[in-house]
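Remarks on the structure that follows.
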Amino acid sequence: MSFYQVWIRSFADGNGDGIGDLYGVYDKLDYIRSLGVDGIWFSPLYPSPNADHGYDISDYRAIHPDYGDLDQFKRVLDKAHRLGMRVLMDLVVNHTSDEHPWFQASRQSRTGPYADYYFWRDEPNDWDSLFEGKAWTYDEVRGQYYLHLFSKKQPDLNMDNEKVREEVKDIMRFWLDMGVDGFREDVINFISKREGLPRGIPFVPLVGGMIHYKDGPHIHEYMAEFRAVAEEYGAVQIGEGPMTTVRSALNYLTGATKSLDMMISFDHMFADCFYIEYLHLPFRLTRFKRAVSRWQNALAGRSWNVLYLENHDHPRIISRYGSERFWRESGTMLAASYLFLQGTPFIYQGQEIGMTNIRLPAIEMYEDIASKTNYERLLRFESAEKRLRRIHLSSRDSARTPVQWTAGPNAGFTTGTPWFHVNPNYKRVNAAAEARDPYSILNFYRRCLRLRKRSRTLLHGRYREYFPHHPHLFVYERTLGRTAYLIVCSFTSKEVVMSLPPAYQGHHLTLMLCNYPATDGTDPVLRPYEARVYRTQMGKDAR
Ligand code: GLC
Ligand code: CA
Numbered sequence: 000m001s002f003y004q005v006w007i008r009s010f011a012d013g014n015g016d017g018i019g020d021l022y023g024v025y026d027k028l029d030y031i032r033s034l035g036v037d038g039i040w041f042s043p044l045y046p047s048p049n050a051d052h053g054y055d056i057s058d059y060r061a062i063h064p065d066y067g068d069l070d071q072f073k074r075v076l077d078k079a080h081r082l083g084m085r086v087l088m089d090l091v092v093n094h095t096s097d098e099h100p101w102f103q104a105s106r107q108s109r110t111g112p113y114a115d116y117y118f119w120r121d122e123p124n125d126w127d128s129l130f131e132g133k134a135w136t137y138d139e140v141r142g143q144y145y146l147h148l149f150s151k152k153q154p155d156l157n158m159d160n161e162k163v164r165e166e167v168k169d170i171m172r173f174w175l176d177m178g179v180d181g182f183r184e185d186v187i188n189f190i191s192k193r194e195g196l197p198r199g200i201p202f203v204p205l206v207g208g209m210i211h212y213k214d215g216p217h218i219h220e221y222m223a224e225f226r227a228v229a230e231e232y233g234a235v236q237i238g239e240g241p242m243t244t245v246r247s248a249l250n251y252l253t254g255a256t257k258s259l260d261m262m263i264s265f266d267h268m269f270a271d272c273f274y275i276e277y278l279h280l281p282f283r284l285t286r287f288k289r290a291v292s293r294w295q296n297a298l299a300g301r302s303w304n305v306l307y308l309e310n311h312d313h314p315r316i317i318s319r320y321g322s323e324r325f326w327r328e329s330g331t332m333l334a335a336s337y338l339f340l341q342g343t344p345f346i347y348q349g350q351e352i353g354m355t356n357i358r359l360p361a362i363e364m365y366e367d368i369a370s371k372t373n374y375e376r377l378l379r380f381e382s383a384e385k386r387l388r389r390i391h392l393s394s395r396d397s398a399r400t401p402v403q404w405t406a407g408p409n410a411g412f413t414t415g416t417p418w419f420h421v422n423p424n425y426k427r428v429n430a431a432a433e434a435r436d437p438y439s440i441l442n443f444y445r446r447c448l449r450l451r452k453r454s455r456t457l458l459h460g461r462y463r464e465y466f467p468h469h470p471h472l473f474v475y476e477r478t479l480g481r482t483a484y485l486i487v488c489s490f491t492s493k494e495v496v497m498s499l500p501p502a503y504q505g506h507h508l509t510l511m512l513c514n515y516p517a518t519d520g521t522d523p524v525l526r527p528y529e530a531r532v533y534r535t536q537m538g539k540d541a542r
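Written out as structure tokens, the structure is:
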């Protein structure tokens, strides 16, 4: 399996109002399928006041009018299925929007049926929210504070309330009955909070309270309830686990507490930062490799990895781990660096054409709540220029600019006025131009997925990393029986000499894929950001 992620607002506008929608998606389904993926994950499509662009839901059983309606969703779903693709919805149940009717009812009455759907207190504790200041906001109507781990407009649901868990299961059934194939479950490792909401670790900003809500006391009981629903339908469950360690992830993925098919981890996204919004560092390949290998090795034979380099929460990968100057080379190399690992690849919209970060000249032009509050709070002691540079590096908005379809007006995203800024590089970076170019990033993604799909070794083979301390090369193999694939990726703009791992020396290596044209793979010198995929047969006694 492999998935394509759609963040609909910026994907494709089908009705000319400047906002991506399900009409646009419908028309692009063949394109998505042409990449070689087998499924789509939709970031939230539901009605939402968009305080956090869809991750603040005000109705779980409908489609945001900007994006269409349930009938149009059904058309998309049916067509995706006809094309052989599964469809995952985003299940966001750690919190709702403050405009959700449950919250509205909850504020109105301390005794009504919704009174305990959220966390209300007369006195807040010391937890911080991850998006804006304290995790508690006073509500005039109820005369109490409510908990929100994210923005003020995202009050946390009280999952200890059995009625809330029943609601979650009903929501799951609603979409599964419609024919959806599973869920990507938002910040799912945060849904169980410790009783009494005790104080966090003193003097630890942002995450001081996390020991009381990450992998909380009842998480596996609640997850088991949701799992039972998914199992009735044979549905897939992929959890998002911010701050998750591989050890805690294994509790969700294996054994008696197995409740997820896969877990979206973050470790490999920290090779140039610690949460890029907060602390940016120079890219270090060794950090990337260590994280990848940790997950590959720990899950081997036990579970299945989620493979990704981009999503709607991360800036564009070429701008981070690659080089905009070596745009084509690094964009293709990055594809090879992860598409042959063990697990299920996810490709985020625009990644496959090598979209890069946008650099807007003023903070007012940004949309992302995390960027705005970072600018105001975290970065407030830095100069305006420096603050903006940090936003350029870190903003989630870089992943949220309209997808660049053509070199025409608005990059072919809309015939109207786009809701958000189009990256000015669209004349060069766009799907139409790349479709015509056999050496484009787009066609390289297609080749990678084709190769992967045809090879049992690449799907099921054992992972092993070579030269883990090499600062510029990521070298890994996948082996099954006597077949071995060796993937060599250069993460530098300089030439590097590569040496083969001893087990490969003297073997005949077939070059299956390379991101430079006209090459036979025998030259020991790797060009800037070169990637090669070799296949060979190992002698019986060679291993
Ligand atoms: C997840 C989502 C992110 C959202 C947050 C709160 O991390 O991917 O976009 O802001 O949860 O829902
Ligand atoms: Ca539209």
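Just so you know, we're using numbering that gives the first Met the number 0 here: the sequence shown kicks off at 0 and counts up by one. No residue lacks a Cβ here, since even glycine has one placed at the ideal position from N, Cα and C. Computed from a predicted model, the values in this text were never measured in an experiment.
Checklist entry - DSSP state of Y232, grouped into three classes? => result helix
Item to check | Beta-carbon spacing of V474, Y484 below 7 angstroms | outcome: no
Checklist entry - By DSSP, does D619 sit in helix, in strand, or in coil? => result Coverage of the chain is limited to positions 0 through 542, which leaves residue 619 absent and any answer about it impossible.
Checklist entry - Do I431 and T405 have their C-beta atoms within less than 7 angstroms of each other? => result Per the sequence shown, the amino acid found at residue 431 is Ala instead of Ile. Yes.
Checklist entry - Which residue from W6, S1, Y320, T244 puts its Cα closest to that of D312? => result W6
Item to check | Heavy atom of ligand 1 within 6 angstroms of Y586 beta-carbon | outcome: A query on residue 586 cannot be resolved here, the shown segment of the chain reaching from 0 to 542 and no further.
Next on the checklist: Is V186 a contact residue of ligand 1, with contact defined as CB to any heavy atom under 6 angstroms?
Outcome noted: yes
Checklist entry - Could you give the distance in angstroms between the alpha-carbon of A541 and the alpha-carbon of A502? => result Unreliable positioning characterises A541 in this predicted model, as indicated by a pLDDT of 44, which lies under 50. A coordinate reading is not provided.
Checklist entry - Is any heavy atom in ligand 2 found nearer than 6 angstroms to the beta carbon of D169? => result no
Checklist entry - With a cut-off of 8 angstroms, do at least 3 Cβ pairs link the stretch 255–272 to the stretch 196–215? => result no
Item to check | Assigned exposure category for S108 - 16 Cβ within 10 Å defines buried | outcome: exposed
Checklist entry - Where does S498 land, buried or exposed, given buried means 16+ other C-beta within 10 angstroms? => result exposed
Checklist entry - For M0, which of L306, G538, A335, A530 has the nearest alpha-carbon? => result Looking at the Cα atoms, L306 is the closest of the given residues.
Checklist entry - Could you check where the alpha helix (DSSP H) with Q341 kicks off and where it finishes? => result Careful: Q341 lies outside any alpha helix (DSSP H) and carries neither H nor E.
Checklist entry - Can the beta-carbon of F443 be found closer than 7 angstroms to that of F2? => result no
Checklist entry - Would the stretch 352–370 and the stretch 312–326 be scored as touching if the rule is three or more Cβ pairs under 8 angstroms? => result For the pair of segments examined, the stretch 352–370 was found to touch the stretch 312–326: the number of CB pairs separated by less than 8 angstroms reaches three.
Checklist entry - Going by the C-beta, is N571 closer than 6 angstroms to any heavy atom of ligand 2? => result A query on residue 571 cannot be resolved here, the shown segment of the chain reaching from 0 to 542 and no further.
Item to check | Beta-carbon gap between P527 and F202 smaller than 7 angstroms | outcome: In this structure, F202 does not lie closer than 7 angstroms to P527 by Cβ.
Item to check | Own chain partners of E155 with C-beta closer than 7 angstroms, once the 5 adjacent residues on each side are dropped | outcome: Before going on, a small fix: residue 155 reads as Asp here, not Glu. These residues qualify, in order along the chain: N93, H94, Y117, F118, L146, H147, L148.
Checklist entry - Hey, how far is the Cα of P523 from the Cα of E529? => result 11 angstroms
Checklist entry - Exposed or buried, A575, counting other C-beta atoms within 10 Å across all chains shown (16 or more means buried)? => result Residue 575 is absent from the model: the chain starts at 0 and stops at 542.
Checklist entry - Grouping DSSP H, G and I as helix and E and B as strand, with all else coil, what is T478? => result strand
Next on the checklist: Taking 7 angstroms as the threshold (C-beta atoms), are L87 and F189 in contact?
Outcome noted: no
Next on the checklist: Tell me which residues share the same chain as D127 and place their Cβ nearer than 7 angstroms to its Cβ, disregarding the 5 neighbours each side in the sequence.
Outcome noted: K133, A134, P204, L205, G207, G208
Checklist entry - For I237, which beta-bridge partners are listed by DSSP? => result Checking the DSSP bridge columns, you'll see I237 partnered with R183, M261.
Next on the checklist: If distances are taken between C-alpha atoms only, which option among H63, G505, Y337 comes closest to V457?
Outcome noted: First, the amino acid is wrong: residue 457 is Leu here, not Val. Answer by Cα proximity: Y337.
Next on the checklist: Check for me: the beta strand (DSSP E) holding D89 runs from which residue to which?
Outcome noted: 85–90
Checklist entry - Should the stretch 42–51 be regarded as contacting the stretch 96–104, the criterion being three or more beta carbon pairs within less than 8 angstroms? => result yes
Checklist entry - To which residues of the same chain is R446 closer than 7 angstroms at the C-beta, ignoring the five residues directly before and after it? => result L512
Item to check | Cutoff 6 angstroms; reference L392; Cβ partners in own chain excluding five residues on either side | outcome: Within its own chain, the residues whose Cβ lies closer than 6 angstroms to the Cβ of L392, once the five positions on either side in sequence are excluded, are H279, listed in chain order.
Checklist entry - Taking all protein chains shown into account, do 16 or more other C-beta atoms lie within 10 angstroms of the C-beta of P467, making it buried, or fewer, making it exposed? => result exposed
Item to check | Residues of its chain near A223, where Cβ-Cβ distance is below 7 angstroms and the 5 sequence neighbours each way are ignored | outcome: S258
Item to check | Run of the alpha helix (DSSP H) containing F41, from where it starts to where it stops | outcome: From DSSP, F41 is part of no alpha helix (DSSP H) but of the beta strand (DSSP E) over 38–41.
Next on the checklist: Bridge partners for S394 per DSSP, in chain order?
Outcome noted: Partner(s): none; S394 has no beta bridge.
Checklist entry - Just to confirm, are D12 and G19 a CB contact at a threshold of 7 angstroms? => result yes
Checklist entry - How would you label K493, buried or exposed, when you count the other beta carbons within 10 angstroms and need 16 or more for buried? => result exposed
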